[in-house]
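Below is one structure, written out as structure tokens; the observations come after it.
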Ligand SMILES: Cc1cc2nc3c(=O)[nH]c(=O)nc-3n(C[C@H](O)[C@H](O)[C@H](O)COP(=O)(O)OP(=O)(O)OC[C@H]3O[C@@H](n4cnc5c(N)ncnc54)[C@H](O)[C@@H]3O)c2cc1C
Ligand SMILES: Cc1cc2nc3c(=O)[nH]c(=O)nc-3n(C[C@H](O)[C@H](O)[C@H](O)COP(=O)(O)OP(=O)(O)OC[C@H]3O[C@@H](n4cnc5c(N)ncnc54)[C@H](O)[C@@H]3O)c2cc1C
Ligand SMILES: Cc1cc2nc3c(=O)[nH]c(=O)nc-3n(C[C@H](O)[C@H](O)[C@H](O)COP(=O)(O)O)c2cc1C
Ligand SMILES: Cc1cc2nc3c(=O)[nH]c(=O)nc-3n(C[C@H](O)[C@H](O)[C@H](O)COP(=O)(O)O)c2cc1C
Ligand code: FES
Ligand code: FES
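Protein chains in written order, with the numbering used here: chain A, 1 to 261; chain B, 262 to 522; chain C, 523 to 836; chain D, 837 to 1150.
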């Protein structure tokens, strides 16, 4: 596996998706050649360490953002504004510089000739977009996506909103069992909020379906050195804290010790 | 004496003087009516305490800046860029907002029918400008100003630069004794770097001339509560740490305990 | 303001009430000794404060430390005032009458002695005065050698001191603790056992800054007291730890700049909070914290008691 | 680069040399345990480092603390890793060979025991290994109950521990001190008397952060270790104080982000400095500090020795 590198790249394009979501595009063929679906970059607006700035701006941590798309090095990051770091990213425009560390993490295992379900919630959408592009030729793919309101919804096969403003009213897992049965799903990829992933795992275990989940964690280094981003992985009797940034972010769902997360 | 107030005022004009010096003008008749030469304001670019700023900018201390001019409330601050705080101020333009605490300090005692010498160095110029406007009708006034290079020099009667680029080559005090004798000086006001003030005091004491010096100090509150800005004032045997922001910034030069500063 | 907003403010008034051991406070907002005085009250209505704490007084006048005494760092302030003050006699003669005159909120007198006997003597002198609602016993100033700070670092000395002070007063007896100790909970427990009615924490951390170009210390004394934004995580940890082991109320301080900071300390166990360095970077900090806290409590339909010490871990 | 610049860099190379008790360092830049590993070396040439310190190892494998383990505050970072590590056997079997393979700079192994005997056992096991240049004895981790930190707070325990370790090795024996003590100079003197060849300071301060909206602690364990920019004044004060009382070299750390920060610590008495949290906010911190320090020394025609501990007060 390639080791994460540090890079500075200009933003070549910025795209608005909805009130809270936007995409930042960079372009680098060499970087693109290393990326796999499910991997991510730690990114940040270029921090300038000036002698005498207008106001001292504290350099802040990089934030982990999945690779949303990668067309021969045209790499996109689809980002939801939630706090300080993503807000700072949301201020960037074409021409501004991004600092990047990556590609990081293991990525999703790819498959062929399977009946695949993608299930995502909110900002869990981006990694699955890149993933489905690699999957659709070789597999049957059905994608369920849910969010709180319409502004959390993006193109897919089945949409859910909690307020019912777009698609079906409820949560993405509400009709999951039926879908699995009807479509004879034999492989699941999921990414989204904790509650959704846990519920999806419960159901996939019930039907004994292979299931990979991409997890989130607060990160400092993003390259495996600080052990700050761990989650409990293994069996009920024998588990360890593994690093989301290195052994993850994708784990076999049944190995994730949800009960102690 | 009026107690310092906290105000926010728009900058109505910004003026460039030289590479390092600029003037910020505000306009408030009520504030203007309270100001006296030698007093100062603690000022700062308006700090916005946002929930999710681009980068967290640490709110920083206000900086003490003399009243450079005051024409019926058209108050000017003439500022030299030296560090973080003055640099932040140097980024401001007309329309931006200034936070101000003041007018603070005692100010210069005014005089009539005297033969007055003003002596200033570098950023010690501004308070003497406001002062001389109040003095010139009633007194004979002669102003010596010195600086490192030409960009530290502003209108006055006698200019000195260390590099000789403008006026006489040397320091403002170099020919002071002659000036005192020739012009029969009987009152001195000074403001500028420590070395200059100390030397001017040595000479004024030699000739036993009444002499008021405006001192600088690093400040936190600017209103007399923190005791952070003190200087030793009194006689050799009996002195105390007095606050530049409250009992000062103007002190009788012979009471300043230069030897322990 | 519409009637509804006015109504809200009054309700918030109810919800903002808190108390120390003896003292009732109309708001949980106090001011930390040495960072605030009557001059600050020119900026806003003092009624946003639940108490007023004056600068630490010593028995004899103190000249204080040689300047420079201040330096602003990336994330806070280093000070080296050295407890400059006019001494207790002058305080009683000049300052106290002015406080009585101008204050409508409770007055807490901060003082420091150079021995247990001197602390007791000072307390007796102050007890003879009216218009004082309580004391903050400063055993934790990092800027005075072998005086304030020595007391604050040994549990047995603190216990003895507080036990001696306690019988002398019925007023609020708040002990101000130093963060520069191995285990603040030992000192806190000793103060409580001795009879303290409340605790104040934290005083300044040791701090230093050097001019990288010249090697000159930024303050004359070298090591000073470090306060402000950068010490908030430390203050919060020590507040939490202390709240776990004592039953008396805590006035928490250290890097509190806004109402969100204040809430963090209340969750962690503080009954009241004090603003210090914040005054220097935001002259309106106190009323803004009052408004923010009030709004939070109202909007979430909570009282101080609901959140005090209610912080959780999962 | 022109010939002149190349020449300059080489000269700076001369001027950047420094040493600990036993170890010669090509630059005064080290890395602080737990914040750095081989992965970081992907970002630049390791030769800007004077030493490489690995994450603290314990005798047995450690799972570490439950997440969340990290939270970034206004001016620093709170962590609660809990010394997660594979244990000494695995370290010797897997990590050490990789370090030997990939490192061209001296390797310092950081380790921590749960008793003096265990410390000694670990040292003996490591002594049997080649490719180790020294040890950093971690007696100061705030995130492990009754293990690391207990040792670090009592002078007599530290003295005994170091005296037992000293006869077992001729390699660099660096003791890493905690800032969470009443008087760091007592601990430092005890370590020196016991035979330490150098000291490292500071480890993390106690720190905490709370979600003001929900009252939830930002890290699962409540109180964690606070590091980064906000602790620099504290680290500098403790470095200065310690340098006043010991003769052995000090590796200073705590909030060093750039070459100017580094210089402050050298003026205050450090023979070398280590970068920690800085790596997370500036992946190129180490080479930038090296360049900046080198330029400063060259431009001012000074060597490390000229400025080490030369800080002044007026
Ligand atoms: C491998 C990986 C890939 C990711 N990919 C994407 C992506 O493609 N697009 C995208 O928009 N986001 C993605 N995220 C999430 C993104 O990293 C976070 O939203 C971001 O780090 C938040 O940082 P912030 O500074 O904006 O907010 P913060 O200030 O860190 O947090 C804001 C609020 O959200 C809460 N919060 C933040 N992170 C978490 C968490 N992990 N768990 C629970 N609560 C949390 C905080 O408590 C706080 O209240 C990914 C995360 C990981 C680990
Ligand atoms: C009463 C009063 C009136 C003043 N009036 C004016 C004025 O009208 N115009 C004007 O330009 N300036 C004036 N000054 C000076 C001005 O306040 C300082 O230049 C300013 O505070 C520097 O802040 P900074 O954040 O820009 O620099 P800092 O970051 O604080 O300092 C930059 C550099 O200058 C040095 N330095 C800063 N202040 C001092 C000091 N007092 N003594 C010695 N070294 C120092 C520091 O060590 C540092 O190296 C006045 C000061 C006082 C006390
Ligand atoms: C300039 C200054 C002077 C201080 N003087 C005193 C004092 O006289 N007595 C005292 O107990 N604490 C004193 N302190 C400490 C504060 O009361 C408070 O404990 C500390 O500043 C931490 O709070 P903060 O981070 O909000 O400032 C002083 C602090 C500063 C900054
Ligand atoms: C994520 C993280 C992990 C750490 N792990 C260790 C450790 O294993 N052993 C140790 O001695 N110190 C550890 N530390 C402390 C650092 O080595 C260092 O002493 C501290 O971070 C102060 O330096 P800084 O402010 O430059 O980060 C850790 C710090 C952080 C932030
Ligand atoms: S973020 Fe540092 S190990 Fe994962
Ligand atoms: S700056 Fe606070 S007393 Fe002068």
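All residues carry an ideal CB built from backbone N, CA and C; glycine is no exception.
Discussion item. Does the distance between the C-beta of residue 224 of chain A and the nearest non-hydrogen atom of ligand 5 fall short of 7 Å?
Written reply: The answer is yes for residue 224 of chain A.
Practice prompt. Determine the contact status of residue 616 of chain C and residue 657 of chain C, defining contact as a CB-CB distance below 8 Å.
Written response: Residue 616 of chain C is not a Cβ neighbour of residue 657 of chain C, given a cutoff of 8 Å.
Discussion item. For a contact defined as C-beta to C-beta under 8 Å, what are the partners of residue 226 of chain A on chain D?
Written reply: 870, 871, 906, 915, 917, 1116, listed in chain order.
Worksheet item: Given a threshold of 16 other Cβ atoms within 10 Å of its Cβ, counted over all protein chains shown, does residue 787 of chain C qualify as buried or as exposed?
Response: By the neighbour-count rule (16 or more Cβ atoms within 10 Å), residue 787 of chain C is buried.
Practice prompt. Can you give me the Cβ contacts of residue 324 of chain A inside the same chain, cut-off strictly under 6 Å, excluding the 5 residues immediately before and after it?
Written response: It is not possible to answer for residue 324 of chain A, since the shown part of chain A is limited to 1 through 261.
Item to complete: Please compile the residues from chain B whose C-beta is within a distance smaller than 7 Å of the C-beta of residue 585 of chain C.
Response: Under the 7 Å cutoff, chain B gives 501, 502.
Item to complete: Give me the Cβ distance between residue 892 of chain D and residue 919 of chain D, rounded to the nearest whole Å; I'm assuming they're in contact under 8 Å.
Response: Confirmed, Cβ separation roughly 6 Å.
Worksheet item: Taking 8 Å as the CB-CB limit, is residue 863 of chain D close to chain A?
Response: So, not an interface residue.
Discussion item. Does the distance between the C-beta of residue 946 of chain D and the nearest non-hydrogen atom of ligand 4 fall short of 7 Å?
Written reply: Answer for residue 946 of chain D: yes, Cβ within range of ligand 4.
Worksheet item: With DSSP run on the structure shown, which of helix, strand or coil describes residue 503 of chain B?
Response: Strand, per DSSP.
Worksheet item: Looking only at C-alpha atoms, which of D/1068, D/1011, D/1087 sits nearest to residue 947 of chain D?
Response: The option with the nearest alpha carbon to residue 947 of chain D is D/1011.
Discussion item. Any heavy atom of ligand 6 closer than 7 Å to the beta-carbon of residue 505 of chain B?
Written reply: The beta carbon of residue 505 of chain B sits closer than 7 Å to at least one heavy atom of ligand 6.
Item to complete: Mind listing, in chain order, the continuous beta strand (DSSP E) runs of no fewer than 3 residues lying wholly within the stretch 1095-1121 of chain D?
Response: Whole beta strand (DSSP E) segments, 3+ residues: 1108-1111.
Worksheet item: At a Cβ cut of 7 Å, what residues of the stretch 101-115 of chain A count as close to chain D, listed as they run along the chain?
Response: Within the stretch 101-115 of chain A, the residues whose Cβ lies closer than 7 Å to some Cβ of chain D are 101, listed in chain order.
Practice prompt. Could you tell me which chain C residues have their CB closer than 8 Å to the CB of residue 478 of chain B, listed as they occur along the chain?
Written response: Scanning chain C for C-beta atoms nearer than 8 Å to the C-beta of residue 478 of chain B yields 589, 590, reported in chain order.
Worksheet item: Would you call the stretch 806-815 of chain C and the stretch 1014-1025 of chain D in contact, with 3 or more CB pairs under 8 Å?
Response: Contact between the stretch 806-815 of chain C and the stretch 1014-1025 of chain D is absent, because fewer than three Cβ pairs lie under 8 Å.
Practice prompt. Please indicate yes or no: does the CB of residue 227 of chain A lie closer than 7 Å to some heavy atom of ligand 5?
Written response: Yes, Cβ of residue 227 of chain A sits closer than 7 Å to a heavy atom of ligand 5.
Item to complete: Return the CA-CA distance between residue 928 of chain D and residue 250 of chain A, expressed in angstroms with no decimal places.
Response: Whole-angstrom Cα-Cα distance: 29 Å.
Discussion item. Within 8 Å of any Cβ in chain B, is that where the Cβ of residue 806 of chain C sits?
Written reply: Taking a beta-carbon distance threshold of 8 Å, residue 806 of chain C counts as an interface residue toward chain B.
Worksheet item: Would you call residue 312 of chain B buried or exposed, if buried means 16 or more other Cβ atoms sit within 10 Å of its Cβ?
Response: Residue confidence for residue 312 of chain B is low, a pLDDT of 45 falling below 50, so the modelled location carries little weight; the figure read from the coordinates is stated next. With fewer than 16 Cβ atoms within 10 Å of its Cβ, residue 312 of chain B is classed as exposed.
Worksheet item: Should the stretch 480-494 of chain B be called in touch with the stretch 448-465 of chain B, which here means at least 3 C-beta pairs below 8 Å?
Response: By the C-beta criterion, the stretch 480-494 of chain B is judged not to be in contact with the stretch 448-465 of chain B, since fewer than 3 inter-stretch pairs fall below 8 Å.
Worksheet entry | Of the listed residues D/1104, D/1099, D/897, nearest to residue 1079 of chain D (C-alpha basis) | Cα-wise, what sits closest to residue 1079 of chain D is D/1104.
Practice prompt. Kindly say whether residue 582 of chain C, judged by its beta-carbon, lies nearer than 8 Å to any beta-carbon of chain B.
Written response: The C-beta of residue 582 of chain C comes no closer than 8 Å to any C-beta of chain B.
Practice prompt. Could you name the residues that DSSP lists as bridge partners for residue 325 of chain B?
Written response: DSSP lists B/303 as partners of residue 325 of chain B.
Discussion item. Tell me the DSSP secondary structure of residue 121 of chain A in three-state form.
Written reply: Reduced to three states, the DSSP call for residue 121 of chain A is strand.
Discussion item. Can you tell me whether residue 1060 of chain D is helix, strand or coil according to DSSP?
Written reply: Three-state DSSP puts residue 1060 of chain D in a strand.
Worksheet entry | Cβ shell of residue 385 of chain B (< 6 Å), same chain only, five flanking positions each side left out | So the list reads 452, 453, once near-sequence residues are dropped.
Worksheet item: Hey, residue 630 of chain C and residue 808 of chain C are a contact pair by Cβ (cut 8 Å); roughly how many whole angstroms apart?
Response: At roughly 15 Å, the Cβ-Cβ gap does not stay under 8 Å, so residue 630 of chain C and residue 808 of chain C are not in contact.
Discussion item. Mapping the DSSP letters down to three states, classify residue 544 of chain C as helix, strand or coil.
Written reply: If DSSP states are grouped into helix, strand and coil, residue 544 of chain C belongs with coil.
Worksheet item: Does the beta carbon of residue 676 of chain C sit closer than 8 Å to a beta carbon anywhere in chain B?
Response: At a cut-off of 8 Å between beta-carbon atoms, residue 676 of chain C makes no contact with chain B.
Item to complete: Give me the Cβ distance between residue 1038 of chain D and residue 1090 of chain D, rounded to the nearest whole Å; I'm assuming they're in contact under 8 Å.
Response: With a contact defined as Cβ atoms closer than 8 Å, residue 1038 of chain D and residue 1090 of chain D qualify at about 5 Å.
Worksheet item: residue 884 of chain D bridges to which residues according to DSSP?
Response: DSSP output for residue 884 of chain D lists no bridge partner at all.
Worksheet entry | 8 Å CB neighbourhood of residue 502 of chain B in its chain, flanking five on each side removed | Close CB contacts of residue 502 of chain B within its chain, under the 8 Å cut and outside five residues either way in sequence, are with 488, 491, 492, 493, 494 (chain order).
Discussion item. Whole angstroms are fine: how far does the CA of residue 757 of chain C sit from the CA of residue 535 of chain C?
Written reply: Cα to Cα, residue 535 of chain C sits roughly 27 Å from residue 757 of chain C.
Worksheet item: Is the CB of residue 1039 of chain D under 8 Å away from at least one CB in chain C?
Response: With a threshold of 8 Å between beta carbons, residue 1039 of chain D makes no contact with chain C.
Discussion item. Is residue 868 of chain D a contact residue of ligand 4, with contact defined as CB to any heavy atom under 7 Å?
Written reply: Yes - ligand 4 has a heavy atom lying nearer than 7 Å to the Cβ of residue 868 of chain D.
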